[in-house]
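Quick note: the sequence shown uses this note's numbering, first residue 266, plus one each step.
Glycine residues also receive a C-beta, built at the ideal position from the N, C-alpha and C atoms.
Written out below as structure tokens is the structure these notes cover.
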Amino acid sequence: MKFVYDFTEGNKDLKDLLGGKGANLAEMTNLGLPVPPGFTITTEACKVYLDSGDEPAALRDEVTAHLVALEEKMGKKLGQADDPLLVSVRSGAKFSMPGMMDTVLNIGLSDKSVQGLAKQAGDDRFAWDSYRRLIQMFGKTVLGVDGDLFEEALEAAKAAKKVVVDTELEAADLKKLVTKFKKIVKTEAGRDFPQDPREQMDLAIHAVFDSWNTDRAKLYRRQERIPGDLGTAVNVCSMVFGNLGPDSGTGVAFTRDPASGHQGVYGDYLQNAQGEDVVAGIRNTVPLAELESIDKKSYDQLMQIMETLENHYKDLCDIEFTIERGQLWMLQTRVGKRTAGAAFRIATQLVDQGLIDEAEALQRVTGAQLAQLMFPRFDDEAKVAQVGRGIAASPGAAVGKAVFDSYTAVKWSRSGEKVILVRRETNPDDLDGMIAAEGILTSRGGKTSHAAVVARGMGKTCVCGAEELEVDTKRRRMTVPGGHVVEEGDLISIDGSSGKVYLGEVPVVPSPVVEYFEGRMHAGAQDADELVEAVHRIMAFADRKRRLRVRANADNAEDALRARRFGAQGIGLCRTEHMFLGDRRELVERLILADTEAEREDSLKALLPLQKQDFVELFSAMDGLPVTVRLLDPPLHEFLPDITELSVRVALAESRQEPHENELRLLQAVHRLHEQNPMLGLRGVRLGLVIPGLFTMQVRAIAEAAAERKNAKGDPRAEIMIPLVGTVQELEIVREEADEVIAEVEAATGTSLKLSIGTMIELPRAALTAGQIAEAAEFFSFGTNDLTQTVWGFSRDDVEASFFTAYLEKGIFGVSPFETIDKDGVGSLVKLAAEAGRATRPDLKLGVCGEHGGDPESVHFFHEVGLDYVSCSPFRIPVARLEAGRAAS
Ligand code: PEP
Ligand code: MG
266 MKFVYDFTEG NKDLKDLLGG KGANLAEMTN LGLPVPPGFT ITTEACKVYL DSGDEPAALR
326 DEVTAHLVAL EEKMGKKLGQ ADDPLLVSVR SGAKFSMPGM MDTVLNIGLS DKSVQGLAKQ
386 AGDDRFAWDS YRRLIQMFGK TVLGVDGDLF EEALEAAKAA KKVVVDTELE AADLKKLVTK
446 FKKIVKTEAG RDFPQDPREQ MDLAIHAVFD SWNTDRAKLY RRQERIPGDL GTAVNVCSMV
506 FGNLGPDSGT GVAFTRDPAS GHQGVYGDYL QNAQGEDVVA GIRNTVPLAE LESIDKKSYD
566 QLMQIMETLE NHYKDLCDIE FTIERGQLWM LQTRVGKRTA GAAFRIATQL VDQGLIDEAE
626 ALQRVTGAQL AQLMFPRFDD EAKVAQVGRG IAASPGAAVG KAVFDSYTAV KWSRSGEKVI
686 LVRRETNPDD LDGMIAAEGI LTSRGGKTSH AAVVARGMGK TCVCGAEELE VDTKRRRMTV
746 PGGHVVEEGD LISIDGSSGK VYLGEVPVVP SPVVEYFEGR MHAGAQDADE LVEAVHRIMA
806 FADRKRRLRV RANADNAEDA LRARRFGAQG IGLCRTEHMF LGDRRELVER LILADTEAER
866 EDSLKALLPL QKQDFVELFS AMDGLPVTVR LLDPPLHEFL PDITELSVRV ALAESRQEPH
926 ENELRLLQAV HRLHEQNPML GLRGVRLGLV IPGLFTMQVR AIAEAAAERK NAKGDPRAEI
986 MIPLVGTVQE LEIVREEADE VIAEVEAATG TSLKLSIGTM IELPRAALTA GQIAEAAEFF
1046 SFGTNDLTQT VWGFSRDDVE ASFFTAYLEK GIFGVSPFET IDKDGVGSLV KLAAEAGRAT
1106 RPDLKLGVCG EHGGDPESVH FFHEVGLDYV SCSPFRIPVA RLEAGRAAS
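See the structure below:
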């Protein structure tokens, strides 16, 4: 196996092996762009190292061979005393993990070669600045020295000199700093900073491998659901210098605005600096457009390269570049992260430019992004004091209590508080605080600072570089212009779309995308919102592509009408127990407690017209579309008085020696029917089988409502669904009774109703015997909430609060199985039942109505196993439509 690839040997499709950075460096090299020569050590080498604790035996010789080739190409040797070749060692996993992995620049410098570099560059200051950076980065990332110690020494050197920025330090100061840094290394790491350049390089390579498994990296991977066993590649690249004076510099650029999607010149540039200065947001950058007046030749070349890259990748690219004494070098490119709104805009823009087709456009957006666009926004009209404005780094409207460190962010959010993490700038150690916070606010750094990049990746609201705010993390406060002090715990609001920062809580208004789905805003109108236009077009692409139909879980006409506006093609689950709450609860209580046949019939008779009216309304709201009505499935005690309250009443009456026979009877019934979670007792079909007349009353109400709609020239399409079936016998009994009632109603109303009867598949036994159950069912609807509960043995109402956090932290699952279908377990039962059901009855209709029906990843799974439809809550319908379209293209 080959473990090392020269940049000329790879290409962009080798991300698994070369990581994203390595694959794209190779691609740019092969496009003829100015990339400094170098080579990539594969992820396979990293995997061997992580598995065995040592690098593969062949690696050393391969690295040597590539290094020799590199030295020949560059005409100098690594660390050569009179003219050293210097290299950077950078990590690069398959998926970009901003700030997670380590980079060491300037490898090859030593006490000797620093002199050679100074002579070659004709610049002492530059050489000593490069050397101190090497010791600092190497000390921190390779030898594990606390980075603050170097920072403090640097601050002290600046203070001694009475200067503010590090460029004001001169060669002699930096030389002293190098001595200080070497001392820090010796004391903290217990060894000297290595003078042998090859040793530096090898140790740095191992450090990159090791950094795959830092806590930060693991946490990030869990968050982003990146598998833990991919490993990282390592890029060894000849150094070019942005810190060689004012004709040098470094920057980042986007081929389009990652926030709006508009084409233009977007990015930041920092004169006389090395790469990490920009990303860390340490010094303030200038907008990329200013490069034109600083260095027109490099600027023009960069514009040309950006066009080449965008046409080649057919997507927004982000770029890191360096200018060394007027010569432009490309250090990195990748398909850039973007906001949700920009993703939709860019996808349609690229279709219009003829770069991609509709199917590809669907791959450029996600349901999660669409969901993000449906969040409410701040009300522009609200009279709340704006106290600052930073860079709109990641959109959204976040309100919360200001906290100034990650620890507090995590602690407060665990106790249910909403917090905004306020920092001068963030670094990878802030990751868990960023996850816990509603939003992130920084006073330094640009659109490409750590805070901005990570927040965008997480879909979290972020305002960065709000310079007027004076953040004092030590005293846990910030001072806003005018002198007002925001203390820890004060409410603030930040708008990641405009960059505005407010004191107090700003009210929110609905998103234009929701207004559009609701029909209150129209695409195609002259002043139509650009975003709405893009969403409208992408939804049309998805609807044309998708095979899965999308229905709604809705129990009343209002929800049904909204679902229709959002594009629902029917109701997949009407939970009738929701129709029995409120005033009607008492009628149900009487039914449950009835001692005699007559009492029971009375309460059923009272319920029938109410139920019928519910269905008339629902069927007319969904006229022409299927409506699946599920017969009653609650734990019975939900309809009875609260057990504690009733016990108190009985005890009081007893002590006062008042009559309390009725209460006592009620209390006994409540005790008898009370169930603890997981509520798998007298529920669903079991209830229908033990309370005579209950299901037939509901069936009659459905049939009469359908007949009434039919006679009024409507087009009702009711389907009757039996819950919690475990065996075909249960279904057969209910079915027989239902058929009788339907025939009676048809005869009495002179209609032919064509009501279909089907079942939910919610129990493992139902899934395992689906072939038999299909004999008595015209359709299956997978109740994946209960199926997940029963397959895992998790009580669905308890476990998320008790131990799921621990399970997620330990990586037992990356996401709750109640949220995303567990394909291997629950999913394989769904697949098995779908196949067995269709084997018995080829035209069996298959759907899903558990919460998973609106979850992006699960929708793809249901598409793959051949279901006919998914059903989800009305607000998730657009997401399900989009994901169904993506799954099919
Ligand atoms: C289910 O179990 O997936 C389902 C839809 O039913 P409910 O959530 O009402 O139990
Ligand atoms: Mg259920």
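Residue i to residue j span [Cα, whole Å]
i            : j            : result
residue 515  : residue 711  : 14 Å
residue 798  : residue 789  : 7 Å
residue 331  : residue 440  : 33 Å
residue 921  : residue 928  : 14 Å
residue 932  : residue 940  : 14 Å
residue 897  : residue 988  : 8 Å
residue 429  : residue 423  : 6 Å
residue 644  : residue 1142 : 25 Å
residue 1103 : residue 663  : 48 Å
residue 1050 : residue 1120 : 13 Å
residue 1092 : residue 538  : 53 Å
residue 392  : residue 344  : 13 Å
residue 649  : residue 1081 : 38 Å
residue 719  : residue 327  : 35 Å
residue 779  : residue 937  : 46 Å
residue 576  : residue 569  : 11 Å
residue 494  : residue 315  : 9 Å
residue 1068 : residue 772  : 35 Å
residue 462  : residue 397  : 15 Å
residue 412  : residue 503  : 25 Å
residue 883  : residue 615  : 42 Å
Where the beta strand (DSSP E) through residue i begins and ends
i            : result
residue 676  : Residue 676 -> not in any beta strand (DSSP E); alpha helix (DSSP H) instead, spanning 671 to 679.
residue 594  : 592 to 600
residue 758  : 756 to 760
residue 1056 : No beta strand (DSSP E) holds residue 1056; the alpha helix (DSSP H) holding it covers 1049 to 1057.
residue 452  : Where residue 452 is concerned, there is no enclosing beta strand (DSSP E), although the alpha helix (DSSP H) it sits in stretches over 436 to 454.
residue 613  : From DSSP, residue 613 is part of no beta strand (DSSP E) but of the alpha helix (DSSP H) over 605 to 617.
residue 1110 : 1110 to 1113
residue 735  : 735 to 737
residue 666  : 662 to 668
residue 743  : 742 to 744
residue 1025 : 1021 to 1026
residue 589  : 582 to 589
Beta-carbon contacts of residue i that lie in its chain and below 7 Å, excluding the five residues immediately before and after
i            : result
residue 367  : 356, 406, 472, 473, 476
residue 1054 : 943, 1060, 1061
residue 1096 : 1130
residue 527  : 521
residue 566  : 593
residue 935  : 902, 905, 906, 908, 911
residue 831  : 782, 1139, 1142, 1143
Cβ shell of residue i (< 6 Å), same chain only, five flanking positions each side left out
i            : result
residue 886  : 822, 825, 826
residue 304  : 269, 271, 331, 501
residue 605  : 634, 637, 638
residue 338  : 302
residue 1014 : 972
Boundaries (first-last residue) of the alpha helix (DSSP H) holding residue i
i           : result
residue 463 : 462 to 476
residue 684 : It is not in any alpha helix (DSSP H) - residue 684 instead sits in the beta strand (DSSP E) that spans 684 to 688.
residue 420 : 412 to 426
residue 912 : 908 to 920
residue 326 : 324 to 339
Neighbourhood of residue i by C-beta distance below 8 Å, restricted to the same chain and skipping five residues each side
i            : result
residue 1157 : This structure does not reach residue 1157, given that the chain is present from 266 up to 1154, and the question cannot be answered.
residue 628  : 1151, 1154
Item checked: Sequence-ordered residues whose beta carbon comes within less than 5 Å of a heavy atom of the ligand MG -> Those residues having their beta-carbon less than 5 Å away from any non-hydrogen atom of the ligand MG are, in chain order, 1027, 1048, 1051.
Margin query: Report the start-end ranges of each beta strand (DSSP E) in the stretch 923 to 1007 that is 3 residues or longer and not cut off at the edges.
Written below: Annotation: the stretch 923 to 1007 contains the following complete segments of the beta strand (DSSP E) (minimum length 3 residues), in chain order: 982 to 987.
Note to self: Just to confirm the assignment: which complete beta strand (DSSP E) runs, minimum length 3, are found wholly within the stretch 475 to 545?
What the structure shows: Runs of the beta strand (DSSP E) inside the stretch 475 to 545: 497 to 503, 514 to 521, 528 to 536.
Item checked: Those runs of the alpha helix (DSSP H) which lie wholly inside the stretch 779 to 851 and span at least 4 residues -> List check, alpha helix (DSSP H) in window: 795 to 810, 822 to 830.
Notebook entry, point to check: Fully enclosed by the stretch 622 to 651, which alpha helix (DSSP H) runs are 4 residues long or longer?
Noted result: Listed in chain order, the complete alpha helix (DSSP H) runs (minimum 4 residues) inside the stretch 622 to 651 are 623 to 628, 632 to 638.
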